[in-house]
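Student:
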Amino acid sequence: MSIAVTGATGQLGGLVIRHLLKKVPASEIIAVVRDVEKASALAGQGVEVRQGDYNHPESLQKAFAGVSKLLFISSPDADDTLRIVQHANVVKAARDAGVKHIAYTGYAFAEEAKLPLAHVHLATEHAIRTTNIPYTFLRNALYTELFVNEGLRASAESGTLITNAGSGIVNSAPRHDLALAAATVLTEEGHENKTYNLVSNQPWTFDDLARILSEVSGKKVVHQSVSFEEEKTILIKAGVPEPFAELTAVIYDAVAKGETSKTSDDLQKLIGTLTPLKETVKQAMNI
Numbered sequence: 001m002s003i004a005v006t007g008a009t010g011q012l013g014g015l016v017i018r019h020l021l022k023k024v025p026a027s028e029i030i031a032v033v034r035d036v037e038k039a040s041a042l043a044g045q046g047v048e049v050r051q052g053d054y055n056h057p058e059s060l061q062k063a064f065a066g067v068s069k070l071l072f073i074s075s076p077d078a079d080d081t082l083r084i085v086q087h088a089n090v091v092k093a094a095r096d097a098g099v100k101h102i103a104y105t106g107y108a109f110a111e112e113a114k115l116p117l118a119h120v121h122l123a124t125e126h127a128i129r130t131t132n133i134p135y136t137f138l139r140n141a142l143y144t145e146l147f148v149n150e151g152l153r154a155s156a157e158s159g160t161l162i163t164n165a166g167s168g169i170v171n172s173a174p175r176h177d178l179a180l181a182a183a184t185v186l187t188e189e190g191h192e193n194k195t196y197n198l199v200s201n202q203p204w205t206f207d208d209l210a211r212i213l214s215e216v217s218g219k220k221v222v223h224q225s226v227s228f229e230e231e232k233t234i235l236i237k238a239g240v241p242e243p244f245a246e247l248t249a250v251i252y253d254a255v256a257k258g259e260t261s262k263t264s265d266d267l268q269k270l271i272g273t274l275t276p277l278k279e280t281v282k283q284a285m286n287i
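This is the structure we're talking about:
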């Protein structure tokens, strides 16, 4: 059996391969990357490295040759229309190369989602279905690291965690847990033609995050809810590029409107114990 992982030098892909190395021999793992030189560490561990670029279909068909199971990690490109084209390239190359099983990292509860990225993931799932290749749709939550990162240090120093998320509930999961779920599906049988919504079954609010941040930092932190425009302005004044400030405020707004409130036990059933939010905060704060 051979297992290929696209985007293998990315944050999620790298974690998936780390988990795979604990489950199967390195000789069964193929890392598909745009830049082979950046994957030298993987090659040093015995992982086969192949060049494959979502924008160049011919490279993908070569990269997928002889692959039994493919983990197709979605494109990180900001242009959603381009992402659909890139994803179609991957799907067609997988079909033409004779891949036996495709696991795809989509977006949790995509049919009900309001964020534009959901359209990309639904379109890709439909494309995969057209191939008649057995699939597993790993519908990932928003990464906890999107909210829990080094930026929390500034919040701890100021004593205020500012968002426009209101009292919205967040069902996020850390990359580690999502990567372990992917590695589990790739190394087990019985996941064919199934869809998993990989979210935390212990969701949290930004009030909860402020409380945990207070505990971890030893400094009193409170969550302050502001308007969309206020959040965007605050981020820009803090040096955040305007497009990213806009995107952040959009995500917080989606949280406020219930986008990330739905839960599922799928992730826990696949990997067992989930990483507590407090642990992710400690990691972000290097504590």
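First residue of the sequence shown? That's 1 in full-length UniProt numbering, and the numbers climb one at a time after it. We put the CB at the ideal spot given by N, CA and C, even for glycine.
1. Just the Cα atoms here: how many angstroms apart are HIS176 and LYS269?
2. Along the beta strand (DSSP E) that carries LEU138, what are the first and last residues, could you check?
3. Report the residue ranges of all alpha helix (DSSP H) runs contained in full by the stretch 50 to 101; include only those spanning at least 4 residues, in chain order.
4. Which class does LEU161 belong to by DSSP, given the choice of helix, strand or coil?
5. Is any heavy atom in the ligand PLP found nearer than 6 Å to the beta carbon of TYR135?
6. To which residues of the same chain is VAL90 closer than 8 Å at the C-beta, ignoring the five residues directly before and after it?
7. Which residue comes first and which comes last in the beta strand (DSSP E) that contains TYR196?
8. Could you have a look at ALA31 and say whether DSSP puts it in helix, strand or coil?
9. Three or more C-beta pairs under 8 Å: does that hold for the stretch 16 to 26 against the stretch 158 to 169?
10. Suppose contacts are defined by Cβ-Cβ distances below 7 Å. Is LYS194 in contact with THR273 by that definition?
11. Per DSSP, which one or two residues make a beta bridge with ILE3?
12. Tell me the DSSP bridge mates of GLN224?
13. SER155: buried (16+ other C-beta within 10 angstroms of its C-beta) or exposed?
14. Under 6 Å Cβ to Cβ from LYS262, same chain only, skipping five residues before and after it: list those, please.
15. Could you check how far apart the C-beta atoms of HIS223 and THR163 are, in whole angstroms? I think they sit under 8 Å.
16. Extract the residue ranges of the alpha helix (DSSP H) inside the stretch 205 to 253, only unbroken runs of 4 or more that lie entirely within it.
17. Measuring straight from C-alpha to C-alpha, what distance separates TRP204 and ALA97?
18. Have a look at the DSSP bridge pairing and note the partners of ALA173.
19. Measuring only the C-alpha atoms, how far is THR280 from SER264?
20. Alpha carbon to alpha carbon, how far is ALA127 from GLU189? Give it in angstroms, no decimals.
21. Do ALA165 and TYR252 have their CB atoms nearer than 7 Å?
22. Leaving out five residues before and five after THR131 in sequence, what residues of the same chain have Cβ atoms less than 6 Å from its Cβ?
23. Beta-carbon separation of PRO174 and THR260 under 7 Å?
24. Could you give the first and the last residue of the continuous alpha helix (DSSP H) run that contains ILE17?
25. Spatial neighbours of HIS121 within its chain, please: C-beta separation below 6 Å, excluding the five flanking residues on both sides.
26. Assign residue 288 to one of three DSSP states: helix, strand, or coil.
27. So is ARG129 buried or exposed if we call it buried at 16+ other beta carbons inside 10 Å?
Tutor: According to the data block:
1. 15 Å
2. 135 to 140
3. 57 to 63 and 80 to 97
4. Of the three classes helix, strand and coil, the one that applies to LEU161 here is strand, per DSSP.
5. Summarising the ligand content, the structure contains no ligands, and the ligand PLP is consequently not present.
6. THR6, TYR54, LEU60 and PHE72
7. 194 to 198
8. strand
9. no
10. no
11. ILE29 and LYS69
12. ILE162
13. Looking at its Cβ environment, which holds 16 or more other Cβ atoms inside 10 Å, SER155 is buried.
14. PHE109
15. 7 Å
16. 206 to 217 and 228 to 237
17. 43 Å
18. TYR143
19. 20 Å
20. Straight-line Cα distance between these residues: approximately 23 Å.
21. yes
22. ARG95
23. no
24. It spans 11 to 20 - the alpha helix (DSSP H) in which ILE17 sits, taken as one unbroken run.
25. GLY106, TYR107 and ALA110
26. For residue 288 there is no data in the structure shown, the boundaries of the chain being 1 and 287.
27. exposed
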